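Worksheet for the structure shown next.
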Amino acid sequence: MTPDEKFARWVKVAALSFVLIFGYFLVADNLMPLTPHAMVTRTVTKVAPQVSGPVSALAVENNQRVHQGDILFRIESAPYRIAVDQAKLALAQARQTNAQLDASLMAARQDVSALASVLAQKAREAKRLKALFAKNGVSQQQRDDAISAANTARAKWEAAKARVSALQIQRGGDGASNIAEQVALSKLKKAQLNQSYTTVRASHDGVVTNLQLDVGAYASAGKPLMALVSERADVIADFREKSVRDVHTGTPVNVTFDSEPGKLYAGHVSSVDAGVSAGQIDANGQLASPFNSNRWVRDAQRMRLHIQLDEWPGHSLPTGARATVQLMPESAVTQWLARAQVGFLSMLHYIY
Numbered sequence: 005m006t007p008d009e010k011f012a013r014w015v016k017v018a019a020l021s022f023v024l025i026f027g028y029f030l031v032a033d034n035l036m037p038l039t040p041h042a043m044v045t046r047t048v049t050k051v052a053p054q055v056s057g058p059v060s061a062l063a064v065e066n067n068q069r070v071h072q073g074d075i076l077f078r079i080e081s082a083p084y085r086i087a088v089d090q091a092k093l094a095l096a097q098a099r100q101t102n103a104q105l106d107a108s109l110m111a112a113r114q115d116v117s118a119l120a121s122v123l124a125q126k127a128r129e130a131k132r133l134k135a136l137f138a139k140n141g142v143s144q145q146q147r148d149d150a151i152s153a154a155n156t157a158r159a160k161w162e163a164a165k166a167r168v169s170a171l172q173i174q175r176g177g178d179g180a181s182n183i184a185e186q187v188a189l190s191k192l193k194k195a196q197l198n199q200s201y202t203t204v205r206a207s208h209d210g211v212v213t214n215l216q217l218d219v220g221a222y223a224s225a226g227k228p229l230m231a232l233v234s235e236r237a238d239v240i241a242d243f244r245e246k247s248v249r250d251v252h253t254g255t256p257v258n259v260t261f262d263s264e265p266g267k268l269y270a271g272h273v274s275s276v277d278a279g280v281s282a283g284q285i286d287a288n289g290q291l292a293s294p295f296n297s298n299r300w301v302r303d304a305q306r307m308r309l310h311i312q313l314d315e316w317p318g319h320s321l322p323t324g325a326r327a328t329v330q331l332m333p334e335s336a337v338t339q340w341l342a343r344a345q346v347g348f349l350s351m352l353h354y355i356y
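Numbering follows the working numbering, with no gaps: position 28 of the sequence shown is 32.
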């Protein structure tokens, strides 16, 4: 065989190999798609205090596992204890003021009763003198003085009744219907709640990681100071659009993790996201910004799937751990090929 014939033979072999490999990729991408764009995710809670103050105690260490309700750290509580004491004093003062108003109200009611008696007596006197004046028994001056005295007594009686009404309004009702007492009680509850917030606890089971907090640091309300990684894990996988056209909840998958090359974990699709951020439009009052690209073949859009494993690895996988997800076809032959290709790709990820 001449060198030209050998070269031609190698060209044919290379061309045939390219056609076979290209054909395999076309078939595999449609019948048994996989993606290396997958990872383990866990809910990460940003732990932030609800009150401000210096950190007085730290109850956990970095990468420590905690349970719901466990103490994470404490904030200096002295200012909040003082606020509680002040609120208690304000409540006691409100109750004392109500007691004083009760005494004033009782005295005002007695004044009304006494002035009512005086009014009745003055009214009778004026009526008697009016009758005598009609018979020329008394002078007009005496009659007018009696009428004036009766009117004065009535004015004093009306003023006393108005004072009783004012005291009743100022006093308010008893217990839950007393505004002043309820305002003071509400402030006390708020102060006690703020005092309880000085002890920061874990909202769920998880692991405290990347801990940078230390005693003496100033904690601001609402500012995260600690990350709590949930124990509940989820595998997310980003597939090209055409690969998920027949995917639905329950579609079987095989998953391999970079930390365990070659080992396959069976699972299924638990959900398919309704969209991605590229398709989200905000009502910002601006005009449209069409996507411009000078590429002849544009990048395919990827959609996100959530995977539920039938059995998780024995060790805990950190959030962000890389994985490869293989959608499993129905045919036994293509299933074998799917397992082979995801296992091969897993080994490649281990090597490189």
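Here a beta-carbon is modelled for each residue, glycine too, at the ideal position from N, C-alpha and C. Remember, it's a predicted structure, so these values are computed and weren't measured experimentally.
Would Val-259 pass as a contact of Leu-313 if the rule is Cβ separation under 8 Å? yes
Exposed or buried, Met-307, counting other C-beta atoms within 10 Å across all chains shown (16 or more means buried)? buried
What are the residues that DSSP puts in a beta bridge with Val-276? Leu-309
What ranges does the alpha helix (DSSP H) occupy inside the stretch 305-352, keeping only unbroken runs of at least 4 residues that lie completely in it? none
Is Leu-76 helix, strand or coil by DSSP? strand
Would the stretch 112-132 and the stretch 176-195 be scored as touching if the rule is three or more Cβ pairs under 8 Å? no
Which runs of the beta strand (DSSP E), 3 residues or longer, sit entirely within the stretch 238-287? 256-261, 269-276
Going by beta-carbon coordinates alone, are Ala-188 and Ala-107 separated by less than 8 Å? no
Under the DSSP definition of a beta bridge, which residues are partnered with Gln-68? Val-212
Can you tell me which of the three DSSP states Lys-193 falls into? helix
Closest to Phe-243 by CA distance: which of Gln-339, Leu-62, Thr-328, Gln-54 is it? Thr-328
Between the alpha carbons of Arg-77 and Pro-83, how many angstroms are there, rounded? Note on identity: in this sequence residue 77 is Phe, with Arg being the wrong assignment. The straight-line gap from Cα to Cα measures roughly 17 Å.
Starting from Pro-228, trace the beta strand (DSSP E) in both directions and tell me its first and last residue. Where Pro-228 is concerned, there is no enclosing beta strand (DSSP E), given that its DSSP letter is neither H nor E.
Could you name the residues of the same chain whose beta carbon sits closer than 7 Å to that of Lys-126, not counting the 5 residues immediately before and after it, in chain order? Ala-153, Ala-154, Ala-157
For the beta strand (DSSP E) holding Ser-60, just list the boundary residues, first then last. 57-62
Roughly how far, in whole angstroms, is the beta-carbon of Val-168 from the beta-carbon of Val-122, given that I think they are within contact range, below 8 Å? With 8 Å as the limit, Val-168 and Val-122 do not qualify as a contact, their Cβ atoms being about 16 Å apart.
Residue range of the unbroken beta strand (DSSP E) whose run includes Pro-40: 38-51
Express the C-alpha separation of Gly-324 and Gly-27 in angstroms, rounding to a whole number. 33 Å
For Leu-109 and Lys-92, I'd like the C-alpha separation in whole angstroms. 25 Å
In terms of residue numbering, what span does the beta strand (DSSP E) encompassing Arg-132 cover? Element bounds for Arg-132: not the beta strand (DSSP E) but the alpha helix (DSSP H), 82-138.
Anticipated Cβ contact below 8 Å, Arg-326 with Arg-46, distance rounded: Rounded, the Cβ-Cβ distance is 14 Å, inconsistent with contact.
Which class does Arg-299 belong to by DSSP, given the choice of helix, strand or coil? coil
Going by the beta-carbon positions, is the gap between Val-70 and Val-212 smaller than 8 Å? yes
Between Ser-274, Asp-262, Ala-292, Arg-343, which lies nearest to His-41 when the distance is taken from Cα to Cα? Asp-262
In chain order, what residues of the same chain have a beta carbon less than 7 Å from the beta carbon of Gln-290, not counting five sequence neighbours either side? none
Boundaries (first-last residue) of the beta strand (DSSP E) holding Thr-156: Taken as a continuous stretch (DSSP letters only), Thr-156 belongs to no beta strand (DSSP E), being part of the alpha helix (DSSP H) at 144-175.
Which same chain residues end up closer than 7 Å to Ala-304 when comparing Cβ atoms and leaving out the 5 residues on each side of it in sequence? Arg-244, Glu-245
One question on the structure: do Val-51 and Leu-232 come within less than 8 Å of each other, judged by their Cβ atoms? yes
So Leu-309 and Val-248 are in contact, right, with Cβ under 8 Å, and what is the actual spacing, rounded? 7 Å
Can Thr-255 and Val-280 be called in contact, C-beta distance under 8 Å? no
Residue closest to Pro-333, alpha-carbon to alpha-carbon, out of Val-23, Asp-33, Ala-159: Asp-33
I believe Pro-53 touches Leu-229 by the beta-carbon criterion, under 8 Å. Please report the beta-carbon distance rounded to the nearest angstrom. 7 Å
If you draw a straight line from the C-alpha of Asp-209 to the C-alpha of Gln-72, how long is it? 5 Å
Please classify Ser-207: does DSSP put it in a helix, a strand, or coil? coil
Is Ser-293 helix, strand or coil when you go by DSSP? coil
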